[in-house]
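Participant: Residue numbers (our numbering), protein chains in the order written: chain A, 1 to 153; chain B, 154 to 628.
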């Protein structure tokens with residue numbers, strides 16, 4: 001039995017896509033389908049998505065979170081300034097997640113995660129993350145925000 | 154008086170001329186044409202009567218026409234302002250809707266309107282404003298902000314709201330409270346990257362018929378016609394669409410492009426899906442309308458002659474015309490002193506030809522899509538943005554620069570793409586025709602009531618012999 005969106009997370013709008021010159025679409029598609037199944041509304045941008053397109057899509061659809069995938073090792077370059085771009089666009093408080101093969105070579109995950117959190121991502125996910133883990137984190141984060149009065153629906 | 158039971162009169166109230174086309178509906182052919190000056194700014198009936206007298210002289214009296222339908226681009230055309238949210242998304246979708254409705258875009262805005270924006274819009278005094286923003290259920294804050302500003306402003310033109318459905322009721326309330334005219338139409342972008350501009354287009358057309366025709370004083374000639382159906386560019390597009398898609402009885406010509414090169418602007422219409430011709434190509438950007446119109450406001454043979462030369466390069470115009478650069482400069486100066494001027498000699502005709510060729514190349518390039526190669530970790534990928542028109546079956550040119558040219562085909566050839574620029578998805582090998590008699594507007598007007606006669610009139614009048622639909626699979 002897969003996890004579903006609960007409480008304040010139910011029906012939230014998520015923008016998904018693969019950032020940069022990255023054509024690896026399969027994992028992102030599986031994630032998008034799983035999120036939809038779990039009760040989220042998904043706006044899937046697909047592969048080869050420039051970072052600004054995530055932001056534009058989030059503005060137009062009034063999305064609650066942006067889920068960035070990167071599989072080809074250039075994630076750190078592509079994601080630089082992503083939070084700043086959201087702030088510039090008036091999406092200061094939007095939830096942003098990143099996941100995939102974010103860096104090349106064998107690097108310590110906690111170090112990689114720290115770097116992405118410092119870049120302003122709310123969560124970073126290593127390779128082999130299960131979709132249930134993502135749903136659980138979304139449930140927790142939306143619940144926390146609702147409790148703190150940070151979001152309204 | 155002739156029997157007019159099978160005749161139709163198609164009228165265009167243009168910015169310079171009032172043009173008439175009398176059509177025999179049985180034969181599907183133009184019987185006579187008439188022309189008068191455009192007198193919309195004073196009394197429209199004067200120019201219309203002059204045109205009717207001219208037509209009557211050609212026909213030996215006027216029959217009792219079965220249909221008398223008109224289009225209009227007079228009194229500045231249908232001047233529109235569009236407002237959207239993200240520039241490349243709903244703001245672009247709104248632009249496409251307005252252009253498709255045959256409007257002359259005088260301003261386009263994105264995001265929250267500022268006080269300065271609003272002042273600008275009020276000063277522009279558009280005939281209609283199209284307000285969009287947000288996908289259905291998406292952002293409603295910005296469209297509401299903009300609606301509030303517009304409702305509270307001195308602006309009093311009809312507004313079409315074609316944005317986020319969730320905001321429609323509140324917008325309606327705001328305009329009702331302000332006592333201002335508002336039509337609500339379907340969202341131009343109901344879901345992310347999904348374009349649906351026909352409802353907005355139809356709402357604009359309805360406002361044009363119900364209000365603009367009166368506001369522009371065109372209805373003073375109401376006894377001389379049955380209806381003004383649409384702005385002239387929308388009639389040209391309707392004519393192009395009929396030719397492309399055909400009727401119940403006549404198969405259409407397939408994907409088709411019309412280039413209309415005028416004194417002030419160059420319009421391009423494409424009736425084509427424009428999807429990638431190869432499965433390996435990735436499409437990027439907002440999907441484009443099947444019936445797409447672009448207007449190049451900087452490419453006009455008289456009012457914007459210098460802009461053409463500046464965009465194409467003085468050297469290129471001089472080389473293409475086979476004249477010196479100073480000769481081009483001289484002709485530009487003469488045009489600027491008198492935009493009604495005619496070339497009068499071979500050298501100036503050659504410069505006009507070179508300018509027309511340049512305008513057509515640039516306008517077609519801007520209208521058509523393009524491809525670029527993106528290097529990815531898994532190898533190069535071809536990314537297409539905009540429409541692929543390489544396999545368009547028919548290209549029709551119209552406008553004075555083509556109608557009066559000695560070799561219109563030589564000018565029209567400039568629209569075509571070739572191997573020297575593989576990134577531009579312009580038509581490659583279409584059958585080419587020139588609409589010398591400016592029939593397309595008449596075809597478009599007649600298409601709604603007598604599609605088969607309209608189709609036959611276009612085929613006969615533009616000299617299309619058939620056989621063009623071999624390549625129609627891309628449509």
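C-beta: ideal position from N, C-alpha, C; glycine also.
Owing to the predicted nature of the structure, the values given are computational and were not obtained by experimental measurement.
Using 9 Å as the limit for Cβ to Cβ distance, is residue 57 of chain A near chain B?
Facilitator: Judged by the 9 Å Cβ criterion, residue 57 of chain A is in contact with chain B.
Participant: Is DSSP giving residue 525 of chain B helix, strand or coil here?
Facilitator: In the structure shown, residue 525 of chain B sits in a strand (DSSP, three-state: E or B).
Participant: Quick one: which chain B residues come within Cβ less than 7 Å of residue 43 of chain A?
Facilitator: Chain B residues near residue 43 of chain A: 345.
Participant: Which of the three DSSP states, helix, strand or coil, is assigned to residue 30 of chain A?
Facilitator: In this structure, residue 30 of chain A counts as helix in the three-state DSSP scheme.
Participant: Rounded to a whole number of angstroms, what is the C-alpha to C-alpha distance between residue 493 of chain B and residue 564 of chain B?
Facilitator: Near 21 Å, if we compare the C-alpha coordinates of residue 564 of chain B and residue 493 of chain B.
Participant: Starting from residue 188 of chain B, trace the alpha helix (DSSP H) in both directions and tell me its first and last residue.
Facilitator: It is not in any alpha helix (DSSP H) - residue 188 of chain B instead sits in the beta strand (DSSP E) that spans 182-190.
Participant: Identify each residue in the segment 2-19 of chain A for which the Cβ-Cβ distance to at least one residue of chain B is less than 7 Å, and report them in chain order.
Facilitator: Residues passing the 7 Å Cβ filter: none.
Participant: Taking Cβ-Cβ distances shorter than 8 Å, what residues in chain B pair up with residue 22 of chain A?
Facilitator: Near residue 22 of chain A (Cβ distances below 8 Å), the residues of chain B are 529, 530.
Participant: Quick check: the Cα distance between residue 104 of chain A and residue 20 of chain A, rounded to an integer number of angstroms?
Facilitator: Their backbone Cα atoms lie some 15 Å apart in a straight line.
Participant: Less than 9 Å between the C-beta atoms of residue 439 of chain B and residue 459 of chain B, yes or no?
Facilitator: No, the pair does not count as a contact, with Cβ atoms beyond the cut-off.
Participant: Starting from residue 41 of chain A and walking both ways along the beta strand (DSSP E), at which residues does that stretch end?
Facilitator: First-last of the beta strand (DSSP E) with residue 41 of chain A: 41-44.
Participant: Which runs of the beta strand (DSSP E) spanning at least 3 residues fall entirely within the segment 239-274 of chain B, listed in chain order?
Facilitator: Entirely contained in the segment 239-274 of chain B, the beta strand (DSSP E) runs reaching 3 residues are, in chain order, 257-262.
Participant: Residues of chain A with a CB under 7 Å from the CB of residue 241 of chain B: which are they?
Facilitator: Result: 56.
Participant: Starting from the Cα of residue 457 of chain B, find the closest Cα among B/522, B/414, B/447, B/169 and give me that residue.
Facilitator: The shortest C-alpha separation from residue 457 of chain B is found at B/414.
Participant: With a threshold of 9 Å between beta-carbons, can residue 293 of chain B be considered close to chain A, or not?
Facilitator: Cβ-Cβ to chain A under 9 Å: yes for residue 293 of chain B.
Participant: Please confirm whether residue 342 of chain B has its beta-carbon closer than 9 Å to some beta-carbon of chain A.
Facilitator: For residue 342 of chain B, the answer is yes, since a Cβ of chain A falls inside 9 Å of its Cβ.
Participant: Quick one, are the C-beta atoms of residue 343 of chain B and residue 288 of chain B less than 9 Å apart?
Facilitator: Their beta carbons are under 9 Å apart, which means residue 343 of chain B touches residue 288 of chain B by this criterion.
Participant: Quick test of your reading: residue 16 of chain A and residue 67 of chain A, contact by CB under 8 Å. State the CB separation rounded to the nearest angstrom.
Facilitator: Contact holds; Cβ gap of about 5 Å.
Participant: Can you pull the chain A neighbours of residue 235 of chain B, defined as C-beta to C-beta under 7 Å?
Facilitator: Those within 7 Å of residue 235 of chain B in chain A number zero; the least Cβ separation is about 15 Å.
Participant: At a CB distance below 9 Å, what residues from the segment 280-304 of chain B approach chain A? Give them in sequence order.
Facilitator: Residues 286, 287, 288, 290, 291, 292, 293, 294, 295.
Participant: Around the C-beta of residue 70 of chain A, are 16 or more other C-beta atoms found within 10 angstroms, so that it is buried, or is it exposed?
Facilitator: When all chains shown are included, residue 70 of chain A counts as buried.
Participant: Which residues in chain A have a C-beta closer than 7 Å to the C-beta of residue 434 of chain B? List them in chain order.
Facilitator: Neighbours of residue 434 of chain B on chain A: none; closest Cβ ~12 Å, over 7 Å.
Participant: Residue 238 of chain B CB to nearest chain A CB: under 9 Å?
Facilitator: Yes, its Cβ sits closer than 9 Å to a Cβ of chain A.
Participant: For residue 451 of chain B and residue 466 of chain B, what's the separation of their Cα atoms in angstroms?
Facilitator: In a straight line, the C-alpha of residue 451 of chain B is about 14 Å away from that of residue 466 of chain B.
Participant: Where does residue 454 of chain B fall in DSSP's three states?
Facilitator: Residue 454 of chain B: coil per DSSP, three-state reduction.
Participant: Taking residue 31 of chain A as the query, report the chain B residues whose CB atoms sit under 8 Å from its CB, ordered along the chain.
Facilitator: Under the 8 Å cutoff, chain B gives no residues; its nearest Cβ is about 17 Å from residue 31 of chain A.
Participant: At the level of alpha carbons, what is the spacing between residue 434 of chain B and residue 577 of chain B?
Facilitator: Distance between the alpha carbons of residue 434 of chain B and residue 577 of chain B is about 14 Å.
Participant: Please identify the residue among B/252, B/328, B/284 whose C-alpha is closest to the C-alpha of residue 419 of chain B.
Facilitator: When each option's Cα is compared against that of residue 419 of chain B, the closest is B/252.
Participant: Using a beta-carbon distance below 9 Å, is residue 107 of chain A in contact with chain B?
Facilitator: No, no contact with chain B.
Participant: Taking the beta strand (DSSP E) that residue 449 of chain B belongs to, which residues open and close that run?
Facilitator: Counting along the chain, the beta strand (DSSP E) containing residue 449 of chain B begins and ends at 444-449.
Participant: Just list the alpha helix (DSSP H) runs in the segment 107-138 of chain A, keeping only unbroken ones of 4 residues or longer that don't cross its boundaries, in chain order.
Facilitator: With a minimum length of 4 residues, the continuous alpha helix (DSSP H) runs that stay inside the segment 107-138 of chain A are 109-118.
Participant: Helix or strand or just coil, what does DSSP make of residue 421 of chain B?
Facilitator: The answer is strand: DSSP assigns residue 421 of chain B an E or B state.
Participant: If you draw a straight line from the C-alpha of residue 395 of chain B to the C-alpha of residue 520 of chain B, how long is it?
Facilitator: Near 20 Å, if we compare the C-alpha coordinates of residue 520 of chain B and residue 395 of chain B.
Participant: Judging by CA-CA distance, which residue of B/299, B/579, B/219 is the nearest neighbour of residue 517 of chain B?
Facilitator: It is B/579 whose Cα lies nearest to the Cα of residue 517 of chain B.
Participant: Return the CA-CA distance between residue 593 of chain B and residue 219 of chain B, expressed in angstroms with no decimal places.
Facilitator: In a straight line, the C-alpha of residue 593 of chain B is about 20 Å away from that of residue 219 of chain B.
Participant: Identify which residue in B/174, B/179, B/222, B/183 has its Cα closest to the Cα of residue 206 of chain B.
Facilitator: Taking only the C-alpha atoms, the option nearest residue 206 of chain B is B/174.
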